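Numbering-wise, the sequence shown is residues 12 to 144 according to this note's numbering.
No residue lacks a Cβ here, since even glycine has one placed at the ideal position from N, Cα and C.
From a predicted model like this one, the values you see are computed outputs, not experimental measurements.
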Amino acid sequence: LCRRRVTGVDFSAGMLEVARTVAARTHPVSGPPAVDWVRADAMALPFREGYDLAVSFGAFGHFLPDDRPRLFARVRQALRPGGVLAFPLAAPLSASTPAWWAASGFDAAMRLRNALRRPPFVMYYRTWPYSAV
(Lines of atoms letter the chains of each structure in order from A and count residues from 1; the text may use other names and numbers.)
(Lines give C-alpha, C1' and ligand atoms only; values in the text may rest on other atoms or scores of the structure.)
Protein backbone atom coordinates (compact mmCIF):
# COMPACT_ATOMS: atom_id res chain seq x y z
CA LEU A 1 0.00 0.00 0.00
CA CYS A 2 2.64 2.54 1.04
CA ARG A 3 5.54 1.89 -1.31
CA ARG A 4 7.04 5.32 -1.91
CA ARG A 5 6.81 7.25 1.33
CA VAL A 6 5.51 6.76 4.85
CA THR A 7 5.44 9.62 7.32
CA GLY A 8 4.59 9.20 11.00
CA VAL A 9 3.41 12.39 12.69
CA ASP A 10 2.79 13.12 16.36
CA PHE A 11 2.89 16.18 18.56
CA SER A 12 4.68 14.16 21.25
CA ALA A 13 8.36 13.29 20.90
CA GLY A 14 7.76 10.45 23.36
CA MET A 15 5.04 8.91 21.20
CA LEU A 16 7.28 9.17 18.13
CA GLU A 17 9.96 7.25 20.03
CA VAL A 18 7.41 4.56 20.95
CA ALA A 19 6.43 4.34 17.27
CA ARG A 20 10.07 3.95 16.20
CA THR A 21 10.57 1.19 18.74
CA VAL A 22 7.42 -0.68 17.72
CA ALA A 23 8.30 -0.36 14.03
CA ALA A 24 11.78 -1.79 14.63
CA ARG A 25 10.37 -4.64 16.74
CA THR A 26 7.66 -5.44 14.18
CA HIS A 27 10.17 -5.88 11.34
CA PRO A 28 13.26 -7.42 13.03
CA VAL A 29 14.58 -9.33 9.98
CA SER A 30 13.96 -6.93 7.11
CA GLY A 31 14.13 -3.81 9.22
CA PRO A 32 11.34 -1.30 9.60
CA PRO A 33 9.82 0.23 6.51
CA ALA A 34 11.35 3.54 5.50
CA VAL A 35 9.52 6.06 7.65
CA ASP A 36 10.05 9.77 8.11
CA TRP A 37 9.16 10.59 11.73
CA VAL A 38 7.91 14.15 12.09
CA ARG A 39 7.06 15.98 15.29
CA ALA A 40 4.29 18.38 14.31
CA ASP A 41 1.00 19.86 15.41
CA ALA A 42 -1.85 18.44 13.33
CA MET A 43 -3.38 21.91 13.28
CA ALA A 44 -0.31 23.15 11.39
CA LEU A 45 0.88 20.19 9.31
CA PRO A 46 4.03 21.02 7.33
CA PHE A 47 2.85 19.15 4.21
CA ARG A 48 1.13 20.26 1.01
CA GLU A 49 -0.63 17.96 -1.48
CA GLY A 50 1.88 15.15 -1.18
CA TYR A 51 -0.03 12.19 0.19
CA ASP A 52 -2.50 9.71 -1.24
CA LEU A 53 -3.64 8.52 2.17
CA ALA A 54 -3.74 9.91 5.70
CA VAL A 55 -4.61 7.55 8.55
CA SER A 56 -5.42 8.58 12.10
CA PHE A 57 -5.52 6.19 15.04
CA GLY A 58 -7.18 7.82 18.03
CA ALA A 59 -6.02 11.39 17.48
CA PHE A 60 -9.49 12.92 17.15
CA GLY A 61 -10.06 12.57 20.88
CA HIS A 62 -7.39 15.22 21.43
CA PHE A 63 -9.23 17.97 19.57
CA LEU A 64 -12.15 20.05 20.73
CA PRO A 65 -15.26 19.66 18.57
CA ASP A 66 -15.00 23.28 17.39
CA ASP A 67 -11.44 22.62 16.16
CA ARG A 68 -12.34 19.64 13.97
CA PRO A 69 -13.20 21.59 10.78
CA ARG A 70 -9.79 23.29 10.91
CA LEU A 71 -8.10 19.95 11.63
CA PHE A 72 -9.78 18.28 8.66
CA ALA A 73 -8.87 21.26 6.45
CA ARG A 74 -5.19 20.86 7.42
CA VAL A 75 -5.25 17.14 6.66
CA ARG A 76 -6.95 17.84 3.34
CA GLN A 77 -4.14 20.27 2.43
CA ALA A 78 -1.63 17.46 2.94
CA LEU A 79 -3.50 15.14 0.56
CA ARG A 80 -3.23 15.04 -3.20
CA PRO A 81 -6.47 15.65 -5.11
CA GLY A 82 -8.48 12.46 -4.62
CA GLY A 83 -6.52 11.56 -1.47
CA VAL A 84 -8.29 9.79 1.37
CA LEU A 85 -8.43 10.28 5.14
CA ALA A 86 -9.10 6.96 6.88
CA PHE A 87 -9.70 6.35 10.56
CA PRO A 88 -10.85 3.18 12.31
CA LEU A 89 -14.05 3.13 14.32
CA ALA A 90 -15.02 0.32 16.62
CA ALA A 91 -18.51 -1.06 16.36
CA PRO A 92 -20.87 0.77 18.72
CA LEU A 93 -21.06 -0.81 22.16
CA SER A 94 -24.38 -1.89 23.57
CA ALA A 95 -25.50 0.07 26.64
CA SER A 96 -26.19 -3.27 28.32
CA THR A 97 -22.48 -4.23 28.42
CA PRO A 98 -19.85 -3.43 31.05
CA ALA A 99 -17.62 -2.09 28.26
CA TRP A 100 -20.19 0.58 27.37
CA TRP A 101 -20.37 1.73 30.99
CA ALA A 102 -16.57 1.75 31.30
CA ALA A 103 -16.21 3.80 28.09
CA SER A 104 -18.97 6.18 29.15
CA GLY A 105 -17.44 6.64 32.60
CA PHE A 106 -13.98 7.31 31.18
CA ASP A 107 -15.41 9.76 28.66
CA ALA A 108 -17.36 11.60 31.37
CA ALA A 109 -14.25 11.79 33.59
CA MET A 110 -12.18 13.19 30.71
CA ARG A 111 -14.82 15.78 29.82
CA LEU A 112 -14.95 16.89 33.47
CA ARG A 113 -11.14 17.02 33.60
CA ASN A 114 -11.01 19.10 30.42
CA ALA A 115 -13.65 21.54 31.71
CA LEU A 116 -12.17 22.00 35.20
CA ARG A 117 -8.45 21.88 34.59
CA ARG A 118 -8.16 23.39 31.11
CA PRO A 119 -5.15 21.14 30.45
CA PRO A 120 -2.58 21.79 27.69
CA PHE A 121 -4.15 18.94 25.73
CA VAL A 122 -7.67 17.59 25.76
CA MET A 123 -8.74 13.98 25.67
CA TYR A 124 -12.08 12.46 24.86
CA TYR A 125 -12.84 8.79 24.52
CA ARG A 126 -15.93 9.13 22.37
CA THR A 127 -15.34 12.05 20.06
CA TRP A 128 -18.69 12.13 18.25
CA PRO A 129 -21.89 10.15 18.05
CA TYR A 130 -21.82 7.37 15.48
CA SER A 131 -24.78 8.94 13.73
CA ALA A 132 -22.53 11.89 12.83
CA VAL A 133 -19.93 9.76 11.03
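{"Item": "Beta-carbon separation (whole angstroms), residue 20 vs residue 51, contact threshold 8 Å", "Value": "5 Å"}
{"Item": "Selected residue, minimal CA-CA separation from residue 18, among 35, 95, 53, 45", "Value": "45"}
{"Item": "Top-ranked residue by Cα proximity to residue 94, from 109, 59, 49", "Value": "59"}
{"Item": "Residue 35 to residue 29 span [Cα, whole Å]", "Value": "10 Å"}
{"Item": "When 122, 61, 129, 16 are compared against residue 72, the one with the closest alpha-carbon", "Value": "122"}
{"Item": "Simplified DSSP assignment, three categories, for residue 59", "Value": "coil"}
{"Item": "For residue 30, the first and last residue of its enclosing alpha helix (DSSP H)", "Value": "24 to 37"}
{"Item": "Touching by the beta-carbon criterion (3+ pairs, under 8 Å), the region 81 to 100 and the region 60 to 71", "Value": "yes"}
{"Item": "CA nearest to the CA of residue 16, picked from 24, 62, 57", "Value": "62"}
{"Item": "Residues bridged to residue 47 (per DSSP)", "Value": "18"}
{"Item": "Expected contact under 8 Å - CB spacing of residue 133 and residue 75 to nearest Å", "Value": "6 Å"}
{"Item": "The beta strand (DSSP E) enclosing residue 53, as first and last residue numbers", "Value": "Run containing residue 53: none; DSSP gives neither H nor E here."}
{"Item": "Counterpart residues of residue 97 in DSSP-defined beta bridges", "Value": "66"}
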